[in-house]
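Trainee:
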Amino acid sequence: GPPRSQAFAFSINGLGYVGGGFDQSLNGLNDFYEYDPVADTWTQRASLPASGRGDPAGIAIGCRGYTGTGQTLPVNNVLNDFWEFNPALNQWNAKTSFGGCPIPNPG
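Using the numbering used here, the final residue of the sequence shown is 133, and nothing's skipped along the way.
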């Protein structure tokens with residue numbers, strides 16, 4: 027994918043995942059990639075089916091990855107949605123939105 031800043035990332039079963047963030051023009055990205063450190067290869071996976079964003083949270087719990095919150099630019103629209111990634115199905119599912127005030131990840 028294009029160079030980016032302020033992306034989300036997590037690791038599941040020894041594979042790295044990274045997506046979202048801002049490109050060099052500060053457009054929000056929603057693309058998503060898997061890195062295999064043994065094979066030293068990148069594979070594009072299903073894009074996040076939501077607004078491209080920077081500063082999102084990213085975490086893995088068990089065999090699933092999660093991302094959400096963040097912000098869009100240049101309007102600085104702060105987001106509170108949350109998503110679950112299932113790597114076995116290469117699929118994103120919407121989860122309950124982040125409770126309380128939507129805030130970007132402090133980075």
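Using N, Cα and C, we set each Cβ at its ideal position, and we do this for glycine too.
When you compare each of Thr93, Ser123 and Ser37 to Gly46 by their alpha carbons, which one comes out closest?
Mentor: Closest by alpha carbon: Thr93.
Trainee: Leaving aside the five residues before and after Gln32 along the sequence, list all residues of the same chain whose C-beta is less than 7 Å from its C-beta, in chain order.
Mentor: Same-chain partners within the cutoff: Gly47, Phe48, Gly80, Asp81 and Gly133.
Trainee: Quick check on Asn102: does DSSP put it in helix, strand or coil?
Mentor: If DSSP states are grouped into helix, strand and coil, Asn102 belongs with coil.
Trainee: By the three-class DSSP mapping on this structure, what secondary structure does Leu115 have?
Mentor: Leu115 falls in the coil class under three-state DSSP.
Trainee: Rounding to the nearest angstrom, what Cα-Cα distance links Gly88 and Leu55 in this structure?
Mentor: Spanning the two alpha carbons is a distance of roughly 26 Å.
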